[in-house]
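A short worksheet on the structure shown next.
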Amino acid sequence: MHPIYPVTSENPQGKLSTESIQIRGINSAGHGVGNLKDGRVVFIPRTVPGDTVSVTVTESKPRWCKGKLIEVVKSSSDRVDPVCPHYSSCNGCALQHMAYESQLEWKINTVEECLKRIGGIDISVSGIQPSPEQYSYRSRLSFSLLRLRNSRVIAGFHTLGAPQRIENIDETCALGEAPLIDAWKSLRKGWGDGARLLPSGRKLKLTLRNVSQGVALVIHGGKKSGNPEELMRRVPEIVSVWNVDHRGNEVLLGGEQLLYDQRFGEQVEVGPTSFLQANRSCEIHLNDWIVEQIDPCEDMRVIDAYCGLGFYGRRIAKYGANVIGIERNLADDFHRTSRESGNLECLAGTVEKLLPEVMPADALILNPPRVGLSHSVATIVNGSGPCLVLYVSCDPATLARDIDRMKESYMVGKIRLFDLFPQTSHTETVAVMHRKA
1 MHPIYPVTSE NPQGKLSTES IQIRGINSAG HGVGNLKDGR VVFIPRTVPG
51 DTVSVTVTES KPRWCKGKLI EVVKSSSDRV DPVCPHYSSC NGCALQHMAY
101 ESQLEWKINT VEECLKRIGG IDISVSGIQP SPEQYSYRSR LSFSLLRLRN
151 SRVIAGFHTL GAPQRIENID ETCALGEAPL IDAWKSLRKG WGDGARLLPS
201 GRKLKLTLRN VSQGVALVIH GGKKSGNPEE LMRRVPEIVS VWNVDHRGNE
251 VLLGGEQLLY DQRFGEQVEV GPTSFLQANR SCEIHLNDWI VEQIDPCEDM
301 RVIDAYCGLG FYGRRIAKYG ANVIGIERNL ADDFHRTSRE SGNLECLAGT
351 VEKLLPEVMP ADALILNPPR VGLSHSVATI VNGSGPCLVL YVSCDPATLA
401 RDIDRMKESY MVGKIRLFDL FPQTSHTETV AVMHRKA
């Protein structure tokens, strides 16, 4: 690793040095971009284009550096005061210091640049759906817990610039729904010295999920069960306590086994680790738009690949379309949420294996995990995919790569963004693709 600043005649001790930087852009992580006096690019979190800032270099490479914001000398017109008291040191958010309209504009530009650079696609994003709620929107929060000596406990999110450390969050997170914040405050006070009411173990991951009955606590890692009944007595906001071991097995430690969540105007039964979009208010717009693009009708055949709990398929099936869902880790959750949809069927298995078996179709929804499609799935779609493909992605880089893989047979008709993650560098992107004649 290169020294932060080399020992020279001008810097005989190799000490940190401070420079004044003009911020000219933002990278894909949401960090401001500028140049040092020697010309090297420097990336500085918590800065906005148009800022003039005082910066200390924290990591130095031959062509680029990372810096730490020391002082805002002159503020950009896009700079706003962050809401969260932990924002200067917590790595949970990246953009609270940027006006929301500017966040949206930056996300559009970032996706367009990524599609062009990686996928060779020169297309203008057709728009971005703002989140109706820009704070207090997350229905799920995950915290890291570390037990120290003398019954001390640190619990929170990773520290900005030091991911091996934990920023102690004792009261609030600006992104969590109110019931989660109330539960977190009570949990911190109620888990006892050294968090003794939780399972043992030096490191735990604690996930709070806001469900219809209250808050479910899902504990990843640890040994034994702690004392969940006493924990729930002390923390009445928590109605269910679960443990997930290293194999992914879910064990109910105490409280309610059946969990319900309100989605799209319906009460659905979910599991403790079921994947649900964390932003309810914006998820509705995403779901509506996808159904609108499919334009389902009777006797239409739609494949919903990587379908999860099948929310897209449920809506589409209500129009009379026949929907086949594919989900590798198919759980009882899908059958619970979809049991009233007679023309919706889900197959358990990999998309690689099952997609060729359920072709042909009129439309295909692809909603893969962040890693995107495997090469074999892209090949299958290229060869025998339907006229209409909707690709839903939380990573524009893998989306661009996969569009490039399918360019032999498909052209992109439109791209639309949905801001499911305000105050962060992430966004949800949907590409509408049409098969070439």
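When you line the sequence shown up against the working numbering, it's residues 1 to 437, in that order. Just so it is clear, CB atoms sit at the ideal spot from N, CA and C, and this is done for glycine as well. On a predicted model such as this, the values are computed, not experimentally measured, just so you know.
| query | result |
| --- | --- |
| Going by CA-CA distance only, name the one from Leu258, Ile284, Val251 that's closest to Phe264. | Ile284 |
| Counting only the same chain and skipping the five closest in sequence on each side, list residues whose C-beta sits under 8 Å from that of Gly383. | Ser409 |
| For my contact list, Ala363 and Pro386 are in at a C-beta cut-off of 8 Å; report their separation, rounded to the angstrom. | 6 Å |
| Assuming Ser281 is part of the alpha helix (DSSP H), what are its boundary residues? | 280–294 |
| If you draw a straight line from the C-alpha of Pro312 to the C-alpha of Glu237, how long is it? | Checking the sequence, you will find Tyr at residue 312 rather than Pro. C-alpha separation (whole angstroms): 31 Å. |
| Where in the stretch 302–327 do unbroken runs of the alpha helix (DSSP H), each at least 4 residues long, occur, reported from the N-terminal end onward? | 311–317 |
| What are the start and end residues of the alpha helix (DSSP H) that includes Leu399? | 396–405 |
| Out of curiosity, what's the CA-to-CA distance linking Pro45 and Val33? | 9 Å |
| Can you check whether the CB of Leu208 is closer than 8 Å to the CB of Trp191? | no |
| Rounded to a whole number of angstroms, what is the C-alpha to C-alpha distance between Arg314 and His375? | 28 Å |
| Residue range of the beta strand (DSSP E) that Met433 falls in? | 428–435 |
| If you draw a straight line from the alpha carbon of Phe421 to that of Thr429, how long is it in whole angstroms? | 12 Å |
| Which residues bound the alpha helix (DSSP H) around Lys189? | 178–190 |
| Below 8 Å, can you find three or more Cβ-Cβ pairs linking the stretch 217–233 to the stretch 196–203? | yes |
| Just to check my reading of the structure: Arg202 and Gly176 have Cβ atoms closer than 8 Å, yes? What is that Cβ distance to the nearest angstrom? | Not a contact, Cβ separation roughly 25 Å. |
| With Tyr100 as the anchor, note down where its alpha helix (DSSP H) starts and where it stops. | 100–119 |
| Could you pull out every residue in the same chain whose Cβ sits closer than 6 Å to the Cβ of Leu366, ignoring the five residues on either side in sequence? | Ala305, Tyr391 |
| Let me check one thing: in DSSP terms, what residues is Ile21 bridge-paired to? | Val53 |
| Using only the alpha-carbon positions, how far apart do Val302 and Arg234 sit? | 48 Å |
| Taking only three categories from DSSP, how would you classify Asp81? | coil |
| List the endpoints of the continuous alpha helix (DSSP H) containing Met411. | First-last for Met411: 410–418, but that is the beta strand (DSSP E), not the alpha helix (DSSP H). |
| Pick from Glu112, Ser393, Pro369, Met359: whose alpha carbon is nearest that of Val381? | Met359 |
| From Asp404 to Thr18, what does the alpha carbon distance come to, in whole angstroms? | 43 Å |
| Expressed to the nearest angstrom, what Euclidean distance is found between the alpha-carbon atoms of Pro272 and Glu292? | 31 Å |
| If you reduce the DSSP assignment to three classes, tell me which class Val244 lands in. | strand |
| Please report the distance separating the alpha-carbon of Ala484 from that of Leu252. | The displayed coordinates of the chain run from 1 to 437. Any statement about residue 484 would go beyond what the structure contains. |
| Are there 16 or more other CB atoms within 10 angstroms of the CB of Gln257, so buried, or fewer, so exposed? | exposed |
| On a Cα-Cα basis, can you pick out the residue from Ala400, Asn91, Lys407 that is closest to Phe143? | Asn91 |
| Can the beta-carbon of Val268 be found closer than 8 Å to that of Gly255? | no |
| In the DSSP assignment, find the beta strand (DSSP E) that holds Lys74 and state where it starts and stops. | 64–74 |
| By how many angstroms is the C-alpha of Leu399 removed from the C-alpha of Ile123? | 14 Å |
| Pop quiz: Asn343 and Ala361 are said to be a contact at Cβ under 8 Å. What is the actual Cβ separation, rounded to whole angstroms? | The pair is not a contact, with the Cβ atoms about 14 Å apart (cut-off 8 Å). |
| What three-state label does DSSP hand Ile380 in the structure shown? | helix |
| Measure the C-alpha to C-alpha separation of Lys439 and Lys37 and round it to an integer number of angstroms. | One cannot answer for residue 439 here, as it falls past the ends of the chain, which runs 1 to 437. |
| Does the beta-carbon of Gly25 have 16 or more other beta-carbons within 10 angstroms, so that it is buried, or is it exposed? | exposed |
| With distance defined between alpha-carbon atoms, name the residue in Ala99, Leu417, Leu373 nearest to Asp402. | Leu373 |
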